[in-house]
Amino acid sequence: MESVYEFTVQKPDGTEQSLSEFEGKPLLIVNTASKCGFVKQFDELQEVYETYKDQGLTVLGFPSDNFNNQEFGSSGEAEEFCRMNFGVTFPMFAKVDVKGDHAEPLFQYLSSEKKGILTEGIKWNFTKFLVDRQGNVVDRFAPQTGPLKMKDAIDKLI
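Residue 1 is where the sequence shown starts when you use full-length UniProt numbering, and the numbers rise one by one after that.
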């Protein structure tokens with residue numbers, strides 16, 4: 001794969017969506033967890049989305065239960081939680097594995113393109129990847145980095 005736009009992912013209802021639908025737009029892709037200590041980042045993710053969506057940026061959320069069972073049982077529950085509790089309007093997708101033998105191919109690609117400090121793999125919820133308009137992974141942010149602290153990097157893409 002040469003770009004994130006070549007991947008197809010599942011929506012919470014189980015239908016497939018090609019990321020080619022976002023071609024030409026910068027993306028912020030994040031693995032989320034509704035019961036994680038970083039859950040308040042949904043507020044900042046939504047703020048970033050609202051600030052930049054008219055300039056093309058789309059935030060894509062992927063619930064994951066890889067770390068200490070911090071996500072609901074179904075993708076629909078996770079999506080509803082985000083919309084009801086944080087007013088999330090950016091696209092949320094089906095619950096995925098982001099590490100291990102069954103990791104979603106998109107996240108295998110993202111983590112191989114931008115490695116973390118000590119490892120290639122994703123170590124926790126709310127790891128964030130910035131993708132440019134050509135579908136290239138240009139930056140990776142640790143779970144502790146709040147989305148609002150990413151504004152300089154986002155401004156460079158816009």
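Glycine included, each C-beta is placed from N, C-alpha and C at the ideal position.
- Residue state for S34 is assigned as coil, using DSSP reduced to three classes.
- Residue nearest to P147 within the set F38, Y109, G56 is F38 (criterion: CA-CA distance).
- For the 8 Å CB-CB criterion, L60 and I29 form a contact.
- The DSSP assignment places 41 to 52, 75 to 86, 105 to 113, 151 to 157 as complete runs of the alpha helix (DSSP H) inside the UniProt domain "Thioredoxin" (1 to 158), in order along the chain (cut-off: 4 residues).
- In this structure, the alpha-carbon of K128 lies about 10 Å from that of L110.
- In this structure, L106 keeps its C-beta atom at 8 Å or more from the C-beta atom of L130.
- In this structure, the straight-line span from the alpha carbon of S34 to that of S112 is close to 25 Å.
- For the pair H102 and F141, the Cα-to-Cα distance works out to about 23 Å.
- Around the Cβ of N85, a 10 Å sphere holds fewer than 16 other Cβ atoms; the residue is exposed.
- With fewer than 16 other Cβ atoms inside 10 Å of its own Cβ, N136 counts as exposed.
- Distances from the alpha-carbon of T32 to those of D155, Q41, P26 put Q41 closest.
- Around the beta-carbon of N69, fewer than 16 other beta-carbon atoms lie within 10 Å, marking it exposed.
- Between the alpha carbons of K25 and D54 lies a gap of roughly 11 Å.
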